[in-house]
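First the structure, in the form of structure tokens, and then the observations on it.
There are 2 protein chains.
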Amino acid sequence: MLERRAAKRSQVDDADAIASIAKALAHPARVKIIAFLVSRPGCIGGDIVDEVGLAQSTVSEHLRILKASGLVVGAIERPRICYSLDPSILAPLQALIGRVAAHGGPRDAPCWPSSDGCLPKGTDQ
Amino acid sequence: MLERRAAKRSQVDDADAIASIAKALAHPARVKIIAFLVSRPGCIGGDIVDEVGLAQSTVSEHLRILKASGLVVGAIERPRICYSLDPSILAPLQALIGRVAAHGGPRDAPCWPSSDGCLPKGTDQ
DNA sequence: TCGTTATATCGTCCATCGACGATTTTCGAT
DNA sequence: ATCGAAAATCGTCGATGGACGATATAACGA
């Protein structure tokens, strides 16, 4: 019980972290950037601009957001900058998704609010 | 190999879909809701309101967003509504994360730019 | 029927996001 | 020392998001 509470607490505490990670992925341009970086290790910024099809300043802003999230790290290797990924940042989000996936398919039996399955609002009764 | 490329292309084409899924998870309240639904199969809306600590109307709005994303499905079982999860929606996002994770840490990415693009570090510049 | 309870919707306010062009910065190259 | 290319930053604008209270809706029980 205490463990469950603790686990749940950590989950809740992770909510902000998970949300911020998801936020970093919550835009098609950023998803494209990530996919591009996965497919081409050590690619160059200019290529990313071509890939996503937005203005250079806009792409730079998306890269800034991704770097702020920690998912993308910019390795400055003049004359150009090579970006790379830090997958470890994704762990909490991946864990949540894993839990959901393990949770089962589209819920078989929703619940009955009767005494057993669904806990009625308030305390257990 | 052809399959890999096809999968990769579908990933990129799915950028919008992945982004919209991520968007559904891009708010702490919604993450809490998901975590809560995972931990309590067939829970009740009122409990969710207590859990996230926001106004009922705000929680309802977050639930609407989650339902619109397809991740949460509301099974109407009066007198109350029991929500449940559809994990299959997460597949594209999970796949992307898996690809990033398989990509390796940030250590191997930096490279030397050259006229042919980025060459792995260690290559003669 | 009427009242209670749970959920959804509406209207509004303020904050943040996303896009762009213009500008600045920062290097290597000439 | 200056030029040029690549990236970051700035300023602005319209769009969207998130919060809330108030209100509407729906089903059950008395």
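Quick mapping for you: the protein sequence lines, in order, are chains U and D. Sequential numbering from 191 applies to the first sequence in this note's numbering. Sequential numbering from 191 applies to the second sequence in this note's numbering. Positions of the beta carbon are idealized from the N, C-alpha and C atoms, including for glycine. Nothing here was measured: the structure is a model prediction, and the numbers come from that model.
Residue i (DSSP reduced to helix, strand or coil)
i                      : result
residue 260 of chain D : coil
residue 275 of chain U : strand
residue 245 of chain U : coil
residue 216 of chain U : coil
residue 208 of chain U : helix
residue 307 of chain D : In this prediction, residue 307 of chain D has a pLDDT of 40, which is less than 50 and means its spatial position is unreliable; what the coordinates show is noted afterwards. Note: residue 307 of chain D maps to strand in three-state DSSP.
Chain-ordered neighbours of residue i on chain D, where CB pairs are closer than 7 Å
i                      : result
residue 285 of chain U : Here the premise fails: no neighbours, minimum Cβ distance about 10 Å.
residue 289 of chain U : 228
residue 255 of chain U : The premise fails here: residue 255 of chain U is roughly 12 Å from chain D at the closest Cβ pair, so nothing lies under 7 Å.
residue 249 of chain U : Those within 7 Å of residue 249 of chain U in chain D number zero; the least Cβ separation is about 14 Å.
Pick from the options that is closest to residue i, judged by C-alpha positions
i                      : options                       : result
residue 206 of chain D : U:204, U:210, U:207 and U:220 : U:220
residue 289 of chain D : U:210, U:289 and U:228        : U:228
residue 218 of chain D : U:257, U:210 and U:217        : U:210
residue 257 of chain D : D:223, D:243, D:244 and D:293 : D:223
residue 291 of chain U : D:245, D:293 and D:280        : D:280
Rounded separation between residue i and residue j - CA only
i                      : j                      : result
residue 297 of chain U : residue 251 of chain U : Caution applies to residue 297 of chain U, whose pLDDT of 47 falls short of 50 and renders its modelled position unreliable; the value that the coordinates give is listed next. Going by the C-alpha atoms only, they are around 40 Å apart.
residue 248 of chain D : residue 278 of chain D : 26 Å
residue 293 of chain D : residue 230 of chain U : 10 Å
residue 241 of chain D : residue 226 of chain D : 8 Å
residue 236 of chain D : residue 212 of chain U : 26 Å
residue 246 of chain D : residue 239 of chain D : 6 Å
residue 243 of chain D : residue 215 of chain U : 26 Å
residue 253 of chain U : residue 233 of chain U : 13 Å
residue 259 of chain U : residue 259 of chain D : 23 Å
residue 208 of chain D : residue 204 of chain U : 21 Å
Partners in chain U for residue i, counting only beta-carbon separations shorter than 7 Å
i                      : result
residue 212 of chain D : 212, 215 and 216
residue 258 of chain D : Ordered by position in chain U, no residue passes the 7 Å Cβ test against residue 258 of chain D, which lies about 14 Å from the chain.
residue 280 of chain D : 287, 290 and 291
Proximal residues of chain U, C-beta to C-beta of residue i below 8 Å
i                      : result
residue 224 of chain D : 286 and 290
residue 209 of chain D : 215, 216, 217, 218, 220 and 221
Amino acids of chain D, ordered along the chain, whose beta-carbon sits closer than 9 Å to that of residue i
i                      : result
residue 240 of chain U : In chain order: nothing, as chain D lies at least about 13 Å away.
Chain U contact residues for residue i, given Cβ-Cβ distances below 9 Å
i                      : result
residue 245 of chain D : The contacting residues do not exist; residue 245 of chain D stays about 16 Å from chain U at best.
Practice problem: Kindly confirm or deny that the segment 268-282 of chain U and the segment 255-267 of chain D touch, where touching means at least three C-beta pairs closer than 8 Å. | Solution: no
Quiz item: Is the number of C-beta pairs between the segment 282-291 of chain U and the segment 278-296 of chain D that are closer than 8 Å three or more?
Solution: yes
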